[in-house]
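Visitor:
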Amino acid sequence: MFIQQLKGLYAMFLREPLWYKVLIVSALAAAIVFSSSTFNVHVQAGAKLAAAVFFGAYATRFRGNRWLFMILIALMILCVLLAGKIWIQGE
Numbered sequence: 002m003f004i005q006q007l008k009g010l011y012a013m014f015l016r017e018p019l020w021y022k023v024l025i026v027s028a029l030a031a032a033i034v035f036s037s038s039t040f041n042v043h044v045q046a047g048a049k050l051a052a053a054v055f056f057g058a059y060a061t062r063f064r065g066n067r068w069l070f071m072i073l074i075a076l077m078i079l080c081v082l083l084a085g086k087i088w089i090q091g092e
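Numbers in the numbering used here are just positions in the sequence shown, counted from 1, shifted up by 1.
Here you go:
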């Protein structure tokens, strides 16, 4: 059943416009790559903001599912707050 849900999400992703695919893939890649501890603090804050963009973009697609929408928006807000905290504390 879980595999079928993943196939459904992948099929939904393939039906999206090209700009949305580029936004999702680049935000996810930036969040993963720049979250490494080898980068300075400000780059890590940027990674949190990229994760917020990722969660926000997917939240707009799941507006029909109220619980999933609320969870994704909460994750987006959490990422923005974490980025702000990292940015304020500095190095």
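We put the beta carbon where it would ideally sit given N, CA and C, even for glycine.
Given a cut-off of 8 Å on the beta-carbon distance, is the pair LEU76 and PHE56 in contact?
Guide: One-based indexing of the sequence shown puts residue 76 at position 75. One-based indexing of the sequence shown puts residue 56 at position 55. It is a contact, given that the beta carbons lie within the stated cut-off.
Visitor: Just verifying my parser: in three-state terms, what is the DSSP assignment at GLY1?
Guide: Since the first residue shown for the chain is 2 and the last is 92, residue 1 is missing from the structure and cannot be characterised.
Visitor: What whole-angstrom Cβ distance do LYS49 and ILE89 have, given they're in contact under 8 Å?
Guide: Residue mapping note: residue 49 aligns to position 48 of the sequence shown, counting from 1. Residue mapping note: residue 89 aligns to position 88 of the sequence shown, counting from 1. Not confirmed; about 13 Å, so no contact.
Visitor: How long is the line joining the alpha carbons of ASN41 and TYR11, rounded to whole angstroms?
Guide: In the sequence shown, the residue the question calls residue 41 occupies position 40. In the sequence shown, the residue the question calls residue 11 occupies position 10. Cα-Cα distance, rounded: 34 Å.
Visitor: Could you spell out the range, first to last residue, of the alpha helix (DSSP H) harbouring PHE40?
Guide: By one-based count along the sequence shown, residue 40 stands at place 39. Segment: none, PHE40 is in no alpha helix (DSSP H) and carries neither H nor E.
Visitor: Here's the rule: buried if 16 or more other CB atoms are within 10 angstroms of the residue's CB, otherwise exposed. What is ALA30?
Guide: Working through the sequence shown from its first residue, we reach residue 30 at position 29. ALA30 is exposed by the Cβ-count criterion.
Visitor: Once DSSP output is grouped into helix, strand and coil, what is the label at MET2?
Guide: Stepping through the sequence shown from its first residue, residue 2 is reached at position 1. If DSSP states are grouped into helix, strand and coil, MET2 belongs with coil.
Visitor: Could you give the C-beta distance for PHE70 and ALA51, rounded to a whole number, given that I count them as a contact under 8 Å?
Guide: The residue given as residue 70 occupies position 69 in the sequence shown. The residue given as residue 51 occupies position 50 in the sequence shown. In fact, because the Cβ distance is near 20 Å, the residues do not count as touching under 8 Å.
Visitor: Pick from MET2, LEU83, LEU19 and PHE3: whose alpha carbon is nearest that of VAL44?
Guide: As a position in the sequence shown, residue 44 is number 43, starting the count at 1. When each option's Cα is compared against that of VAL44, the closest is LEU83.
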